[in-house]
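Visitor: In our numbering, the protein residues as written are 65 to 274.
Glycine is no exception: its CB is placed at the ideal position from the N, C-alpha and C atoms.
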């Protein structure tokens, strides 16, 4: 019983520290504090949107072969196909941030109320449950799940489908989002246009879908 309490306490402490660190994150290029919107590379690192557009525009000036377009992650120097770089909005429900210790506890209780359909193991079910909770608080939320193992992505996809979570799976270094998926294409373009100048969002979309 004591070990279980310690484990729960450590888990809560870790989540609080993670939330605190997220507020202090800076762009590795301009060193400015990151806002809610960022561009996430396939390796898991990220930049602010402004620096990402500067990187892609510079790349296009030196190389007109858009079909082979890639940029280098400024953190780990890994080449990343532009089609695998995602726009992310980290805005969270205010109730989970206003009073951090209590907010984390309330979020944990809220997640526990969701039942995951199917049996996939503790970790897969925890991820699925978290996404169900996020979608319940913000139906328009977009979530990125990273894994180094393709088998894990396969199981996650199966769990998401079983629990009515719409998802797109990307595997390998050169895999791109399907350009024919107009629903996701239009949704992303609309989201980019809301937060960025139209010229920049159009430039990014040319890179994504050319």
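Just to confirm the assignment: which complete alpha helix (DSSP H) runs, minimum length 4, are found wholly within the segment 166–240?
Guide: Whole alpha helix (DSSP H) segments, 4+ residues: 186–201, 214–226.
Visitor: Please state the DSSP three-state secondary structure of residue 90.
Guide: To locate residue 90, count along the chain shown from 1; it is residue 26. In the structure shown, residue 90 sits in a strand (DSSP, three-state: E or B).
Visitor: Taking 6 Å as the limit between beta carbons, can you name the residues of its chain near residue 139, skipping five residues before and five after?
Guide: In the chain shown, residue 139 corresponds to position 75, counting from 1. Within the same chain, residue 139 has close Cβ partners 92, 109.
Visitor: With a threshold of 8 Å between beta-carbons, can residue 200 be considered close to chain C, or not?
Guide: Judged by its chain identifiers, the structure shown contains no chain C, having just a single protein chain.
Visitor: Do you know offhand how far residue 115's Cα is from residue 134's?
Guide: Indexing the chain shown from 1 puts residue 115 at position 51. Indexing the chain shown from 1 puts residue 134 at position 70. Cα to Cα, the separation comes out at about 15 Å.
Visitor: Could you give the DSSP three-state label for residue 117: helix, strand or coil?
Guide: As a first step, residue 117 is located in the chain shown; it is residue number 53 there, counting from the start. Reduced to three states, the DSSP call for residue 117 is helix.
Visitor: Do residue 188 and residue 226 have their beta-carbon atoms positioned less than 8 Å apart in this structure?
Guide: Looking up residue 226 in the chain shown gives position 162. Looking up residue 188 in the chain shown gives position 124. No, they are not a contact pair.
Visitor: Out of 150, 205, 136, point me to the one whose CA is closest to residue 144's CA.
Guide: In the chain shown, residue 144 corresponds to position 80, counting from 1. Here the closest residue by C-alpha is 136.
Visitor: Looking at the secondary structure, which residues open and close the beta strand (DSSP E) in which residue 102 lies?
Guide: Position 38 of the chain shown, counted from the first residue, corresponds to residue 102. From DSSP, the beta strand (DSSP E) with residue 102 extends over 101–104.
Visitor: Could you please give the first and the last residue of the uninterrupted beta strand (DSSP E) stretch that includes residue 141?
Guide: To locate residue 141, count along the chain shown from 1; it is residue 77. Per DSSP, residue 141 belongs to no beta strand (DSSP E) and is neither H nor E.
Visitor: Would you decide whether residue 105 is buried or exposed? Buried here means 16 or more other CB atoms lie within 10 Å of its CB.
Guide: As a first step, residue 105 is located in the chain shown; it is residue number 41 there, counting from the start. By the 10 Å Cβ count, residue 105 comes out buried.
Visitor: For residue 180, collect the residues of the same chain with a Cβ closer than 8 Å to its Cβ; drop the 5 residues on either side in sequence, then sort them by chain order.
Guide: For the purposes of this step, residue 180 is identified with residue 116 of the chain shown, where counting begins at 1. Result list for residue 180: 189, 192, 193, 196, 223, 227, in chain order.
Visitor: Measuring alpha carbon to alpha carbon, tell me which residue in 214, 212, 117, 206 is nearest residue 229.
Guide: Residue numbering aside, residue 229 sits at position 165 when the chain shown is read from its first letter. For residue 229, the nearest C-alpha among the options comes from 206.
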